[in-house]
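Note sheet for the following structure.
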Ligand code: G6P
């Protein structure tokens with residue numbers, strides 16, 4: 012197969028921008044949703060290379076193009092493939108299965124067939140774009156078959172894979188009818204990265220049990236002499252970039268304006284999430300509603316601003332969630348609002364980064380309560396924006412970020428009473444206590460930023476396999 016010119020290639024289901032068609036037929040580009048794009052954009056900006064991904068619209072064949080200094084290589088998806096590969100296998104089978112089955116996963120053979128077909132297309136595109144001996148970094152659960160497919164086409168490449176979401180325990184993963192194919196797909200990589208050490212251990216154990224390869228700690232030994240390393244690399248954000256944005260006069264002014272338009276409450280609580288059933292939106296809104304209705308918080312004193320970014324809107328579970336949250340917000344506001352004082356401000360919309368930074372600056376308490384989350388970058392963004400050492404973070408112990416952000420008020424989102432008391436504790440903590448916690452979290456986030464994450468992963472990837480040596484790390 013002919014080779015390309017890029018010596019560094021990232022493959023993700025999405026490009027960093029979505030192609031949007033306005034009602035008048037004109038098209039424009041908008042930043043894609045989600046943490047993967049937030050994290051990887053600065054990495055690509057600094058490292059150069061090509062980004063292969065889908066551009067968010069159906070049935071369009073676009074040529075590679077430059078956008079904001081990034082070289083983007085679009086992969087087309089048909090309407091049926093969006094339904095079966097993206098909404099189906101990726102987001103109605105793998106997504107719920109990998110998130111502790113908080114919604115029931117669905118298993119359909121046609122969805123699997125589409126997943127295989129689309130993964131092959133991504134692998135073929137990467138094989139065309141990558142230069143001899145290039146580094147190719149495959150991202151996330153939508154593309155778990157790409158490493159092996161790509162290795163078959165281009166054995167010269169160094170292939171890394173990173174999973175942005177949790178990797179489930181064997182007991183859950185085993186439900187998947189195609190469990191062995193997924194494990195074998197990932198084993199095409201030289202380095203398989205996870206958010207948490209437990210996820211890497213789950214993977215290695217499954218490979219040993221289900222595929223029968225020899226393993227030792229984080230190393231897997233393949234029969235052909237190749238080795239695969241499975242390790243944790245907790246992802247981060249462009250922390251300095253967020254702080255810089257939060258320090259701009261425009262963002263500071265906008266933060267003041269937000270508080271004023273909310274009626275200058277004593278306490279502003281904030282949630283920012285994709286509208287997803289893994290995020291624990293119901294639980295946190297219920298907890299806040301009860302704090303008002305049982306008199307622990309006064310409606311004149313506290314407001315909760317919840318931003319829910321639209322996501323995967325044609326998938327049934329997301330439609331159900333959208334209706335549920337609309338009803339819940341309506342009920343809380345209907346029960347406890349007074350004229351001019353609405354306790355929950357609910358915004359079903361996506362906002363630019365500067366508006367997010369203003370919201371983070373404005374909020375006294377950030378509430379991040381997923382039922383399960385690979386990392387959760389919103390929690391880190393909030394911390395990066397609080398250069399004033401003020402504010403408090405209420406954080407679910409089921410988010411990957413909980414193992415790093417020890418200064419957070421940690422909660423079990425299933426325990427509504429526990430969450431209520433922790434929210435109160437965060438609201439009522441002394442400025443000194445809040446500053447102590449925030450300082451500790453800021454140290455962690457500012458020191459472990461996205462550049463460090465990427466360079467740690469890429470350094471290990473280039474040292475783990477010298478493409479000219481067969482087995483650099485003997486048993
Ligand atoms: C999570 C996933 C990403 C995904 C993002 C947005 O962060 O790990 O792979 O891109 O959600 O979801 P979407 O389905 O809109 O791409």
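Numbering (our numbering), first residue to last: 12 to 486.
Heads up, the beta-carbon is just placed ideally off N, CA and C, and yes, glycines get one too.
All values derive from a computational prediction rather than experimental measurement.
Query, Result
"Using the DSSP secondary-structure output, state which residues sit across from residue 204 in a beta bridge.", "173 and 242"
"Looking at residue 47: is its Cβ nearer than 9 Å to the Cβ of residue 68?", "no"
"What does the alpha-carbon distance come out to for the pair residue 410 and residue 206?", "10 Å"
"Rounded to a whole number of angstroms, what is the C-alpha to C-alpha distance between residue 442 and residue 43?", "37 Å"
"Give the range of the alpha helix (DSSP H) segment to which residue 438 is assigned.", "427-439"
"Can residue 112 and residue 183 be called in contact, C-beta distance under 9 Å?", "yes"
"The alpha helix (DSSP H) with residue 221 in it runs from where to where?", "Segment: none, residue 221 is in no alpha helix (DSSP H) and carries neither H nor E."
"Indicate whether the contact test is met: 3 or more Cβ pairs, each with one atom in the region 273-284 and one in the region 349-369, closer than 8 Å.", "yes"
"I'd like to know if the region 74-84 and the region 18-35 are in contact, where contact means that at least 3 CB-CB pairs between them fall below 8 Å.", "yes"
"Would you call the region 403-422 and the region 329-345 in contact, with 3 or more CB pairs under 8 Å?", "no"
"Can you grab the Cα-Cα spacing for the pair residue 389 / residue 174, in whole Å?", "18 Å"
"Please determine if the region 182-196 and the region 150-160 are in contact, where contact requires at least 3 C-beta pairs separated by less than 8 Å.", "yes"
"With a cut-off of 8 Å on the beta carbons, I'd call residue 456 and residue 395 a contact; round off their distance for me.", "5 Å"
"Just to confirm, is the Cβ distance from residue 154 to residue 471 under 9 Å?", "no"
"Where do the N-terminal and C-terminal ends of the alpha helix (DSSP H) with residue 442 fall, by residue?", "442-458"
"Is residue 244 close to the ligand G6P? I mean its beta-carbon at under 8 Å from any heavy atom of the ligand.", "no"
"Hey, is residue 176 close to the ligand G6P, as in C-beta under 8 Å from one of its heavy atoms?", "yes"
"Going by DSSP, which residues form a beta bridge with residue 83?", "62 and 76"
"May I ask you to check if the CB of residue 23 is nearer than 8 Å to at least one heavy atom of the ligand G6P?", "yes"
"Within its chain, find whatever has a CB closer than 6 Å to the CB of residue 316; leave out the 5 residues flanking it on each side and keep chain order.", "281 and 356"
"Under 9 Å, do residue 109 and residue 53 count as touching if we go by C-beta distance?", "no"
"Got a sec: does the ligand G6P put a non-hydrogen atom nearer than 8 Å to the Cβ of residue 96?", "no"
"Which value, in whole angstroms, describes the spacing of the CA atoms of residue 291 and residue 285?", "11 Å"
"Would the region 433-441 and the region 134-154 be scored as touching if the rule is three or more Cβ pairs under 8 Å?", "no"
"Considering only residues of the same chain and omitting the five flanking positions on each side of residue 103, which have a CB-CB separation below 8 Å?", "116, 117, 122, 326, 327 and 328"
"Using a 10 Å radius around the Cβ and a threshold of 16 neighbouring Cβ atoms, would you call residue 31 buried or exposed?", "exposed"
"Should residue 431 go down as buried or exposed, given a rule of 16 or more other Cβ atoms within 10 Å for buried?", "buried"
"Between which two residues does the alpha helix (DSSP H) carrying residue 346 extend?", "327-347"
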